[in-house]
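Trainee: Heads up: the sequence shown is residues 12 to 139, going by the working numbering.
Note that the Cβ used here is the ideal one computed from N, Cα and C, for glycine as well.
Below you'll find the structure I mean.
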Amino acid sequence: MSHLSRIEIEITDLSTLKKAVKRLGGELKEGQKSFTWYRNQMGNCDHAIKFPEASYEIGVTKVEKKFELTCDYYYVGGLPKYIGATGGLLSQAYGIEAAKKAALLQGHTVTEKTLSNGKVQLKIAVNE
Numbered sequence: 012m013s014h015l016s017r018i019e020i021e022i023t024d025l026s027t028l029k030k031a032v033k034r035l036g037g038e039l040k041e042g043q044k045s046f047t048w049y050r051n052q053m054g055n056c057d058h059a060i061k062f063p064e065a066s067y068e069i070g071v072t073k074v075e076k077k078f079e080l081t082c083d084y085y086y087v088g089g090l091p092k093y094i095g096a097t098g099g100l101l102s103q104a105y106g107i108e109a110a111k112k113a114a115l116l117q118g119h120t121v122t123e124k125t126l127s128n129g130k131v132q133l134k135i136a137v138n139e
């Protein structure tokens, strides 16, 4: 059954979200005011996320100082391939990009490595 769901992730920085989406092969469409879901229905948003080969999009809506992400997880729309069954891959990508940004803002050096099991390892060197 198809319906809209909120991705349970706290997004506070649009530029970090943009990097996370790019990491997963998608694009943040800034200023796009609607997103596509089941049977070409349109939802309202402030921005949208589009992935290649996915017919459904993710709506990004600003609510106070945060952004809410809304989508239809129904498999025929193609989003689970990119963001995971309930958005876990997107949440992970956002966490990685947020950690990197925080470390760099503090003047640290960040090295990223993808391990053979697919896990991502971040090494943060404190620069004094």
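Over what stretch of residues does the beta strand (DSSP E) that includes residue 102 continue unbroken?
Mentor: Note, residue 102: premise wrong, no beta strand (DSSP E); alpha helix (DSSP H) at 99 to 116.
Trainee: Give me the Cα-Cα distance between residue 118 and residue 132, rounded to the nearest whole angstrom.
Mentor: Approximately 19 Å, taken between the alpha carbons.
Trainee: Which residues mark the beginning and the end of the beta strand (DSSP E) in which residue 39 is found?
Mentor: Looking at the DSSP string, the run of the beta strand (DSSP E) that includes residue 39 is 38 to 41.
Trainee: In terms of residue numbering, what span does the alpha helix (DSSP H) encompassing residue 25 cover?
Mentor: Looking at the DSSP string, the run of the alpha helix (DSSP H) that includes residue 25 is 25 to 34.
Trainee: What does DSSP give as the partner residue(s) for residue 61 in the beta ladder?
Mentor: DSSP output for residue 61 lists 38 as bridge partner(s).
Trainee: At what residues does the alpha helix (DSSP H) containing residue 44 begin and finish?
Mentor: It is not in any alpha helix (DSSP H) - residue 44 carries neither H nor E in the DSSP assignment.
Trainee: Alpha carbon to alpha carbon, how far is residue 108 from residue 52?
Mentor: Taking the straight line joining both Cα atoms gives about 31 Å.
Trainee: Among 139, 100, 116, which one has its Cα closest to the Cα of residue 37?
Mentor: Minimum Cα distance to residue 37 is reached at 100.
Trainee: Please report the residue range of the alpha helix (DSSP H) in which residue 92 lies.
Mentor: From DSSP, the alpha helix (DSSP H) with residue 92 extends over 91 to 94.
Trainee: Under DSSP, the beta strand (DSSP E) around residue 56 begins and ends at which residues?
Mentor: Element bounds for residue 56: n/a, residue is neither H nor E.
Trainee: So residue 104 packs on residue 50, CB below 8 Å; how close in whole Å?
Mentor: The Cβ separation is near 28 Å, so there is no contact.
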